[in-house]
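> This is the structure I want to talk about, given as structure tokens.
Numbering (our numbering), first residue to last: 704 to 998.
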């Protein structure tokens, strides 16, 4: 499994962390000076994009974040989820906000590369935001075993209670075999719990074809200082890969439909991404070999 670029992800963690704060979704503790500088650098570009009708990075980020929030809320309300693992959580405020909302009804584990996990833990503790049942653990999405692996994280959870795994903003930094391997690991782990839900953002090549959208991808790559990857041409291709990985049900949702009736900062930006919702029944997953998913 190819190692992802931690420096890329660390940079965008600061950028997205300040974006959440700037839009009233986060706590000042997660608004770092580096994030403030990055957002200030991007603001004129986003403003120009909106004026000419092109998607903005901010619009995409807000739509995907709020849509994942809403899908997680719905899964909790249905009784499917009482535990959450947010993978590559960066400076996401989701753990803090959901623990505020649900208290002892929800256990929340944030997992990220060791340096980012240490920073997040320091920020939470320093601001007095770390509640009981809220953990931040070192984790590497590419580790198949050992103390930084997914199995080490899930060993701390209760198998009698449903689990949601969330990846937001991670998949674009991994190559396709790495994404398929990660999905297979998630499906295998989730089937050991009472119920299992996977939520993520995903970009598709079919959404990246017009003159309005291609500049967005160029800007995004400039922000992260590296290549970003779209792994599937269409939603059916992505859902087929999720089924092959071991999920019983999988769907790709348009954030504009998930958030229907709610104001959107930038509908064009919101339309550039899809939200993965995938589920697995207990004991139903047959493990596929890494990299053996559909193409």
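A virtual CB, placed ideally from N, CA and C, is assigned to each residue, including glycine.
This structure is a prediction, so every number in the text was calculated from the model and none was measured.
Using 8 Å as the threshold, is the segment 721 to 738 in touch with the segment 785 to 796, meaning 3 or more CB pairs across them?
Enough Cβ pairs lie closer than 8 Å, so yes.
> Do the CB positions of residue 813 and residue 789 come within less than 8 Å of each other?
By one-based count along the chain shown, residue 813 stands at place 110. By one-based count along the chain shown, residue 789 stands at place 86. Yes, they are a contact pair.
> From the DSSP secondary-structure annotation, give me the bridge partner or partners of residue 980.
Reading the chain shown from its first residue, position 277 is the one you call residue 980. Bridge partners of residue 980: 902, 954.
> Pull up the distance between the alpha-carbon of residue 980 and that of residue 739, whole angstroms please.
Against the chain shown, residue 980 aligns to sequence position 277. Against the chain shown, residue 739 aligns to sequence position 36. Taking the straight line joining both Cα atoms gives about 31 Å.
> Between which residues of its own chain and residue 879 is the CB-CB distance below 6 Å, once the five residues before and five after are set aside?
As a working note, residue 879 is residue 176 in the chain shown. Counting only Cβ-Cβ distances below 6 Å, and skipping sequence neighbours, we find 934.
> I'd like to check one pair, residue 761 with residue 972: are the Cβ atoms closer than 8 Å?
Position 269 of the chain shown, counted from the first residue, corresponds to residue 972. Position 58 of the chain shown, counted from the first residue, corresponds to residue 761. Yes, the pair counts as a contact, with Cβ atoms nearer than the cut-off.
> Looking at residue 900 and residue 943, is the spacing between their C-beta atoms short of 8 Å?
Counted from its first residue, the chain shown places residue 943 at position 240. Counted from its first residue, the chain shown places residue 900 at position 197. No. Outside cutoff.
> From the DSSP output, which residues share a beta bridge with residue 837?
The count along the chain shown starts at 1 and reaches residue 837 at position 134. Paired residues: 811.
> What residue does the alpha helix (DSSP H) around residue 648 start on, and which one ends it?
With the chain running from 704 to 998 in the structure shown, residue 648 is simply not present.
> Among 952, 771, 787, whose alpha-carbon lies nearest the alpha-carbon of residue 861?
Indexing the chain shown from 1 puts residue 861 at position 158. Per the Cα distances, 787.
> Helix, strand or coil for residue 820? Go by DSSP, reduced to three states.
As a working note, residue 820 is residue 117 in the chain shown. Helix.
> What's the C-alpha gap between residue 835 and residue 936?
The residue given as residue 835 occupies position 132 in the chain shown. The residue given as residue 936 occupies position 233 in the chain shown. Each residue's Cα considered, the two are about 42 Å apart.
> In the DSSP assignment, find the unbroken beta strand (DSSP E) run with residue 790 in it and report its ends.
As a first step, residue 790 is located in the chain shown; it is residue number 87 there, counting from the start. Note, residue 790: beta strand (DSSP E), 786 to 790.
> Report the partner residues of residue 935 according to the DSSP bridge assignment.
As a first step, residue 935 is located in the chain shown; it is residue number 232 there, counting from the start. Bridge partners of residue 935: 907.
> Determine the contact status of residue 938 and residue 967, defining contact as a CB-CB distance below 8 Å.
The residue labelled residue 938 in the question sits at position 235 within the chain shown. The residue labelled residue 967 in the question sits at position 264 within the chain shown. No, the Cβ-Cβ distance between residue 938 and residue 967 is not below 8 Å.
> Since I believe residue 887 is in contact with residue 948 (beta carbons under 8 Å), could you give me their beta-carbon distance rounded to a whole number of angstroms?
Taking the first residue of the chain shown as 1, we reach residue 948 at position 245. Taking the first residue of the chain shown as 1, we reach residue 887 at position 184. The pair is a contact, with the Cβ atoms about 4 Å apart (cut-off 8 Å).
> Report the rounded CA-to-CA distance for residue 785 versus residue 778, giving the unit in angstroms.
On the chain shown, position 82 is the one that residue 785 refers to. On the chain shown, position 75 is the one that residue 778 refers to. Cα to Cα, residue 785 sits roughly 9 Å from residue 778.
> Check residue 715 in the structure and name its three-state DSSP category.
Counted from its first residue, the chain shown places residue 715 at position 12. In this structure, residue 715 counts as helix in the three-state DSSP scheme.
> For residue 868, write down the residues that DSSP places opposite it in a beta bridge.
Reading the chain shown from its first residue, position 165 is the one you call residue 868. BP columns for residue 868 point to 788, 901.
> Is there contact between the segment 827 to 846 and the segment 800 to 818, where contact requires at least three CB pairs shorter than 8 Å?
As far as the Cβ criterion goes, the segment 827 to 846 touches the segment 800 to 818, which means the pair count is three or higher.
> Determine the DSSP secondary structure at residue 735, reduced to helix, strand or coil.
Counted from its first residue, the chain shown places residue 735 at position 32. Note: residue 735 maps to coil in three-state DSSP.
> Who are the Cβ neighbours of residue 857 in its own chain at under 6 Å, not counting the five residues just before and after it?
To locate residue 857, count along the chain shown from 1; it is residue 154. Only 892 meet the Cβ criterion.
> Whole angstroms are fine: how far does the CA of residue 885 sit from the CA of residue 852?
If you number the chain shown from 1, residue 852 lands on position 149. If you number the chain shown from 1, residue 885 lands on position 182. Their Cα atoms are separated by approximately 11 Å.
> Beta-carbon within less than 6 Å of residue 827's beta-carbon, same chain only, minus the 5 sequence neighbours each way: which residues are those?
Along the chain shown, read from residue 1 onward, the residue named residue 827 stands at position 124. Closer than 6 Å at Cβ, skipping near neighbours: 833.
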